[in-house]
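Heads up: the protein sequence lines correspond to chains A and B, in order. Every number in this note's numbering is 1 more than the matching position in the first sequence, counting from 1. Every number in this note's numbering is 2 more than the matching position in the second sequence, counting from 1. Notes for the one structure printed next.
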Amino acid sequence: MTSPAPIRSIVIVGGGTAGWMAAAALSRLVRTGVSVTLVESDAIATVGVGEATIPPIRNFNGLLGIDENDFLSKTQGTIKLGIDFIDWTREGHRYTHPFGEFGFDIEGVKFHHFWRKLYAEGKASWIEDYNLCATAQKLGRYTTPVADPASVLSRLTYAYQFDASLYAAYLRAYAETRGVVRTEGKVLDVLLRSIDGHVEAIQLEGDRRIDGELFIDCTGFRGLLIEGALQTGFESWKHWLQCDRAVAVPSANEGTGITPYTRSIARRAGWQWRIPLQHRVGNGYVYCSDDIGDDDAAATLMANLDGQTLRDPMLIKFEAGRRKLAWNRNVVALGLASGFVEPLESTSIHMIQTGVSKLMALLPDRDFSPVDRDEYNRQTQTQMEQVRDFVILHYHANERTDGDLWRRVREMEIPETLRRKIDLFRRRGRFFRYDDELFADSSWIAVLLGQNVMPAGWDPLADAVDPALVRQRLDRIREVFRRAAEAMPRHEDWLARNCPAPTATFTRKTA
Amino acid sequence: MTGGEMRTIAILGGTVAGWMAAATLARRLPRQHYRVLVIETDRDGDGLGDFGTTLTALPSIRPFHDALGIDENLILRATRGSFALGVAFAGWAEPDSAYFLPFGAVGAPLGPVAFHQLLTRLRQQGRNVRAADYSIAAIAAQAGRFARPSADQRAITSQYAYGLHLDAWGYLAAMRATAEAHGAQAAAAPFRQALLGASGEIASLELANGDSLAAMLFVDATGTDALLSQGSLGVGFQSWRQWLPCDRAMAARLADPSDPPPLGQVETLPTGWRSTTPLAGETGHLLCWSDAFGDAGGATALGIEGGKPPHMVSFENGRNAAPWYRNCVAIGAAACMLEPLHPVALHLVQSALARLVTLFPDVADAPVEAAEYNRMTINETESARDFLIAQYVTNGRLADPFWNEVRTVRPPDRLVYKLAQFASAGRMPMYDDDMFEDADWIALLDAQGLHPRRHDALAGSVPIEHIEQHLGRLREAIIAGVKTMPAHGEYLRRAHAAPPRGAAA
């Protein structure tokens, strides 16, 4: 057996969230003699706006050994317990997609079957009352969860909302102290090796050339290496996810305050996000340019803010879809360079995170065996399609009456994988996760029910349990969750006590 | 559902598979709404392919028994059963080689580095290491010792799993008793014929006494006959002969007064293989071969010359094209026929039943549930098939036409992908509904001599001395652990004699 030759140099092109997340994780290899270089230019703006995340971000930070309070304080970070969806199902409707599970299973039967049965009989309230995150979210409260499964607080699951450019800066400090070298400069050219078309080096301004064995493309939508140089190709999902622009603007923290959740409000031509940070609120309107002009979209956004704007609105253009190969030759694309699904379920940072961890597990040798690449691409494609399906569900299952967009997405053909999930759920609330997909049963159930995909029936096994006992259990769960949430501090108070940012603008003074 | 309505589930086949279905459905479905009936046929066997009269159960049988409230000691007594730590294979990797595949994981990871990655690292340094030397189940099996695993997760004696060797008829009787205790019943008379309804579903079963039995759902547990599914409904069969050409088997049982070993054995022959399954006081022998390559030596190879004539089986490996079709669900050999090179038959029945319970329909015609059931079932049966093909395709018998043929056939795509990923850097991609764990795949391929070309990046960061120390400590702990176990025969006698659970110890 010949001993293969390990990679000696990795070049990350592009800073931003993707670049610095990759740099922070790969800094671990510096110890084993691998050089890790990140090339970025201060002249190029990053898309980083207020960013919301999902719970696995905590694993990423945990693996890096990041202190939570320090990180929240330095990124203007807040806690996120879920997403509030306003007007999505139909005008005047709202529901929550909370993190964390609903209720507790009884005799091996999922909680939501019992809930469905009692709800039909008028003996249960809406399912959110049986979820601790949703209950706390409604009250604007939060406290540090407890690991002990005997404690009700073990049911609290959370993620963060933070300023993405501050997060990138935070990770930059982390990576640089661990030996990652940052090079300032604009990329002028990408040089390919004639023998196999691999990227050999990048040419920077000032006649500088950076050679490398493995290149990581974090240059955003442009995909300077993966598309510009390697012409990998892009698979568009615009026929399913029709929004193609966003206008974003930060506003002052006034009105609603620093909520422990992200808000998404459906609008005629798309939807508006609201992500509260400690010092300001991130807002944006994601829309379909066929249905509304840029000026009208900006005007709609500006008319629907709860505080003063702090900057001119910024326009972002995009197309939903994926790079046909996230890893092509010796280039691995991360973040927007690898594909894009609109931030409705806050998955952008997560896709970067899974990309980095897959890359760590599949790190190639200098011979770049196609076997590693194929497995990376297979997993990436599956994961992106799963997220895509989940986001499509929000659009497709709507009963809105305004705007042509909503009619089109309601009537369109949806991917077969999603069709199957909806059909199974609609009949008897059955749900199966495929291939360890990102969103757990409880997330799908929250959105399916929220978007009014109401199961016609429930698992017959739910009928085998004494109805009086079931009702008693449900009542108790709701009561225990309500009391636990009421005993938590207000989210703002918790932030002020544990991780205040120097420039935080808490709207209400701590009691 | 309204209070007074009663629905019937009719299970055709008083077989092992049929009574397992009856026990599970009677236990899980609300008794006030469902009636579970078993209809016998005049051809009832075990419903699992009738490869002799002994069965091996994988460790997954324990939760199955627990869910039914069955005491394992009672099962052992009713079946003259013994414990199984794994299977010893001879002649597979090379003509004179042997290895042991334990049920459960091998070795222990070192921090974040998987055990088999450590082995690859060591082998690259020229060290010759055998995975099974670091499996407590393998060492205990070799020493003929056994005890149920410790409940203390920190103890090395908790790090293995066990299955059971069973007498098929004893197991059938135990399943029937369990099913009846949970309210299932046998029909008053055996099956005569099935009657189809206007839209091509099964309307009712006509019994030998002239009774007509209508039901909401029919379960076909009639083994390879698949009387309802493939017979009445005409569902197709998909052959796997191109990869798994064995199609004949011969089985016999011989008295054996010596203590049974806690393992089965499978040895290659020029045109197939033979196996032994030890029970208390006797041993089941099975010969399995491909008729196209000549006979396998018959009764002589089976070691029963001159005794009573052995039981003969003709079969074809393959699966039912649509295990759930209309209002009929086929289970056991009616759904999937796979030669018992690995003991998958009972497990496939268990998981089919678990799936059926999860997807249990409320109307006779449930195409959405059926489609999902079939998708998962087919994934699972094909993953079991691929495990067998993986063993054939990596065989090292170079002098026999049969073995050359099964080595050179192109495996199914998913298996090609698995093999390539493993050969590259020891990765094992897993799919939904895969029957075997990644640990099983890794153990099989490693033992078959398919060694990864390199280890992953993490394994490269661990110093060799640390790996050697880790393996040394592991080996010491395993040997110390095995020393605490009694001889299998002794442990088994105690288990057979144990008072029923709940009685004073």
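Using N, Cα and C, we set each Cβ at its ideal position, and we do this for glycine too. Treat the numbers as computed from the prediction; the structure is a model and nothing was measured.
The continuous stretches of beta strand (DSSP E) do not include G20(B), which lies in the alpha helix (DSSP H) extending over residues 18-30. Using a Cβ distance threshold of 8 Å, D130(A) and Y262(A) do not count as a contacting pair. When DSSP reads this structure, A253(B) sits in a beta bridge with L288(B), H313(B). Around the C-beta of V110(A), 16 or more other C-beta atoms lie within 10 Å, and the residue is accordingly described as buried.
In this structure, S292(B) and T270(B) do not form a Cβ contact; the two beta carbons are roughly 12 Å apart against a cut-off of 8 Å. Residue pairing for L39(A): DSSP places it in a beta bridge opposite I13(A), R183(A). Contact annotation: I480(B) and Y101(B) have beta-carbon atoms that are not nearer than 8 Å. Between D375(A) and P365(A) the beta-carbon gap is near 11 Å, outside 8 Å, which marks them as no contact. Within chain B, the residues placing a beta-carbon under 8 Å from that of F433(A) are E374, M378, ordered along the chain. Rounded to whole angstroms, the separation of the alpha carbons of M487(B) and R147(B) is 6 Å.
For P32(B), the nearest beta carbon of chain A is closer than 8 Å to its own beta carbon. Residue pairing by DSSP puts Q195(B) in a beta bridge opposite E208(B).
Proximity of T33(A) to chain B, defined by a Cβ-Cβ separation below 8 Å, is satisfied. Between D292(A) and G404(A), the C-beta spacing is below 8 Å.
Out of L265(B), Q244(B), L281(B), the CA that lies nearest to the CA of D258(B) is found in L281(B). When the beta-carbon positions are compared, T18(A) and I276(A) stay at least 8 Å from each other. In the structure shown, the three-state DSSP call for L50(B) is coil. Sixteen is the threshold: when 16 or more other Cβ atoms of the shown chains lie within 10 Å of the Cβ of L343(B), as they do, the residue is buried. Against chain B, the beta carbon of S28(A) has no neighbour under 8 Å; the closest one sits roughly 13 Å away.
With respect to the C-alpha of W326(B), the residue from D415(B), L219(B), A196(B), L76(B) having the closest C-alpha is L219(B). Residues of the stretch 457-490 of chain B with a Cβ closer than 9 Å to any Cβ of chain A, in chain order: D458, A459, L460, G462, S463. Apart from sequence neighbours up to five positions away, the residues of its chain that approach I266(A) with a beta-carbon distance below 7 Å are I87, D88, W272, Q273, ordered along the chain.
Contact with chain B is absent for S195(A), since none of that chain's Cβ atoms lies less than 8 Å from the residue's Cβ.
DSSP places G266(B) in no alpha helix (DSSP H) but in the uninterrupted beta strand (DSSP E) bounded by 266-271. Taking CB atoms only, P247(B) has no neighbour in chain A less than 8 Å away.
Runs of the beta strand (DSSP E) spanning 3 or more residues and lying entirely within the stretch 107-181 of chain B occur at 165-169, in chain order. Cβ atoms of A223(B) and A23(B) come within 8 Å of each other, at about 6 Å.
With a cut-off of 8 Å on Cβ pairs, the stretch 491-505 of chain A is not in contact with the stretch 313-322 of chain B, counting fewer than three such pairs. Annotation: Cβ neighbours of F362(B) in chain A (cutoff 8 Å, chain order): D460, P461, L462. Each of V188(A), S252(A), Q232(A), D436(A) was checked against the Cα of H199(A), and the nearest Cα belongs to Q232(A). Interface with chain A (8 Å Cβ-Cβ cutoff): H118(B) is excluded. Contact between the stretch 90-97 of chain A and the stretch 432-442 of chain A is absent: fewer than three C-beta pairs spanning the two stretches fall below 8 Å. Against D434(B), the close residues of chain A are Y435, D436, in the order they occur along the chain (beta-carbon pairs closer than 7 Å). For the C-beta of S349(A), not a single chain B residue is nearer than 9 Å; the gap to the nearest is close to 26 Å. L256(B) counts as exposed, since fewer than 16 other beta carbons sit within 10 angstroms of its beta carbon. Comparing C-alpha distances from L166(B) to each of L60(B), A217(B), S201(B) shows the shortest one belongs to L60(B).
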